[in-house]
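Residue numbers (my numbering): 7 to 367. The beta carbon of each residue, even a glycine, is placed where N, CA and C say it ideally should be. Remarks on the structure that follows.
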Ligand SMILES: C[S@@+](CC[C@H](N)C(=O)[O-])C[C@H]1O[C@@H](n2cnc3c(N)ncnc32)[C@H](O)[C@@H]1O
């Protein structure tokens, strides 16, 4: 398979293109990108056709910031409208046996118009693929996912991704419900971040009732709401007004102080979350300070994107974090993602697994 198809937010194609070009080159792959603005996809064409499969195995999907999903595959166009199923099935002859079928579209207005048809074709397509044993039910969760990404009613990219290195979500977007009583829509950003960054089997341990959290730039309380909802106790830092219902839970203390100066009295904070609108480098330095001084174990924060060179800006901040933490001998896991609920920002998760005691005692 020579193409790697990447899904991204519409308008961020150049960032997703810069990213796959950089990541592929880092791993020694050569190719070129095909992309058009506002299509919600980027296609990386490998010079060596066997490299599509290699890329989606070797590049860690967790390192892809602007990619919501990816797969390796091929373009199927000019499908006869009376039998698109056969055209798609024929394109899968060399595919590995898959455990799931996702009939998807790019996340654009044109894509939305195709979604009804995608639902309609899914059942006959699945039956036809099962007949050929391209999609089978045994060990389904371990087997690759077969993607059919419709661009128009007669054109689709058809390919597969590996479950150990893809997004588990349909179209790479977790479906979340907006809670009626949340103080702001941005509550969904933190909910999505928890869903994307914390594997479901670890969520019980890492998002436990009774844990302590700090929310920098908390008002009106959408992010605090997600911590409170999970039974945590939160110090909310902001000069603005906090939502009354949240304050009445008794789980929130509101401090009207500067989020850049606030530090906790004790090192008993599990979650630091930060949604202050500030220069990305300034927020990055603050987060490094919290990590190196062991003020919090896990951090989730937003980096606002500049108008231009958004890919460069994010990668520079991530590099700064890596260099500083390595310099101080701090062990960590780091992941950043342009989430579905993010617009001009990306969300970063830093899990601080070990800080040398000499740094803070
Ligand atoms: C995007 S809003 C946060 C929204 C919040 N996460 C929610 O879900 O409701 C940014 C907040 O950061 C606060 N903020 C900006 N600079 C700050 C600073 N230096 N210290 C404390 N809060 C700050 C602003 O007052 C504002 O309420």
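Kindly indicate the opening and closing residues of the alpha helix (DSSP H) around residue i.
{"i": "residue 232", "result": "228-235"}
{"i": "residue 321", "result": "316-333"}
{"i": "residue 123", "result": "115-137"}
{"i": "residue 62", "result": "57-64"}
{"i": "residue 250", "result": "250-254"}
{"i": "residue 153", "result": "Looking at the DSSP string, residue 153 is not in any alpha helix (DSSP H); the run it does join, the beta strand (DSSP E), is 151-158."}
{"i": "residue 210", "result": "206-212"}
Buried or exposed for residue i, going by 16 or more other Cβ atoms inside 10 Å?
{"i": "residue 345", "result": "buried"}
{"i": "residue 3", "result": "As displayed, the chain neither begins before 7 nor continues past 367, which places residue 3 out of reach and without an answer."}
{"i": "residue 207", "result": "exposed"}
{"i": "residue 263", "result": "exposed"}
{"i": "residue 365", "result": "exposed"}
{"i": "residue 112", "result": "buried"}
{"i": "residue 214", "result": "exposed"}
{"i": "residue 115", "result": "exposed"}
{"i": "residue 100", "result": "exposed"}
{"i": "residue 245", "result": "exposed"}
{"i": "residue 53", "result": "exposed"}
{"i": "residue 191", "result": "exposed"}
{"i": "residue 341", "result": "buried"}
{"i": "residue 140", "result": "buried"}
{"i": "residue 273", "result": "exposed"}
{"i": "residue 75", "result": "buried"}
{"i": "residue 197", "result": "buried"}
Check whether the Cβ of residue i sits closer than 6 Å to any heavy atom of ligand 1, and report yes or no.
{"i": "residue 258", "result": "no"}
{"i": "residue 229", "result": "yes"}
{"i": "residue 368", "result": "The question about residue 368 has no answer, for the chain in this structure spans 7 to 367."}
{"i": "residue 244", "result": "yes"}
{"i": "residue 223", "result": "yes"}
{"i": "residue 283", "result": "yes"}
{"i": "residue 264", "result": "yes"}
{"i": "residue 102", "result": "no"}
{"i": "residue 9", "result": "no"}
{"i": "residue 286", "result": "no"}
{"i": "residue 226", "result": "yes"}
{"i": "residue 190", "result": "yes"}
Under three-state DSSP, which class holds residue i?
{"i": "residue 38", "result": "strand"}
{"i": "residue 18", "result": "coil"}
{"i": "residue 265", "result": "coil"}
{"i": "residue 290", "result": "helix"}
{"i": "residue 52", "result": "strand"}
{"i": "residue 103", "result": "coil"}
{"i": "residue 111", "result": "coil"}
{"i": "residue 178", "result": "helix"}
{"i": "residue 336", "result": "coil"}
{"i": "residue 145", "result": "coil"}
{"i": "residue 242", "result": "strand"}
{"i": "residue 78", "result": "strand"}
{"i": "residue 283", "result": "coil"}
{"i": "residue 272", "result": "coil"}
{"i": "residue 167", "result": "strand"}
{"i": "residue 27", "result": "helix"}
{"i": "residue 196", "result": "helix"}
{"i": "residue 83", "result": "coil"}
{"i": "residue 363", "result": "helix"}
{"i": "residue 172", "result": "coil"}
{"i": "residue 201", "result": "helix"}
Name the two residues that bound the continuous beta strand (DSSP E) containing residue i.
{"i": "residue 355", "result": "351-360"}
{"i": "residue 190", "result": "Taken as a continuous stretch (DSSP letters only), residue 190 belongs to no beta strand (DSSP E), as it is neither H nor E."}
{"i": "residue 96", "result": "Run containing residue 96: none in the beta strand (DSSP E); it sits in the alpha helix (DSSP H), 90-97."}
{"i": "residue 73", "result": "Element bounds for residue 73: n/a, residue is neither H nor E."}
{"i": "residue 221", "result": "218-222"}
{"i": "residue 45", "result": "Here residue 45 belongs to no beta strand (DSSP E), and DSSP marks it neither H nor E."}
{"i": "residue 3", "result": "Beyond the ends of the chain as shown, which are 7 and 367, falls residue 3; an answer cannot be given."}
Taking 6 Å as the cut-off, is the beta-carbon of residue i closer than that to any non-hydrogen atom of ligand 2?
{"i": "residue 99", "result": "Looking at this structure, you won't find ligand 2 anywhere; what it does contain is ligand 1."}
Taking the DSSP output, what are the residues bridged to residue i?
{"i": "residue 342", "result": "354"}
{"i": "residue 304", "result": "277 and 357"}
{"i": "residue 259", "result": "241"}
{"i": "residue 309", "result": "352"}
{"i": "residue 161", "result": "158"}
{"i": "residue 10", "result": "50 and 78"}
Is the shortest distance between the beta-carbon of residue i and the beta-carbons of chain D less than 7 Å?
{"i": "residue 358", "result": "In the structure shown, chain D does not exist; there is a single protein chain."}
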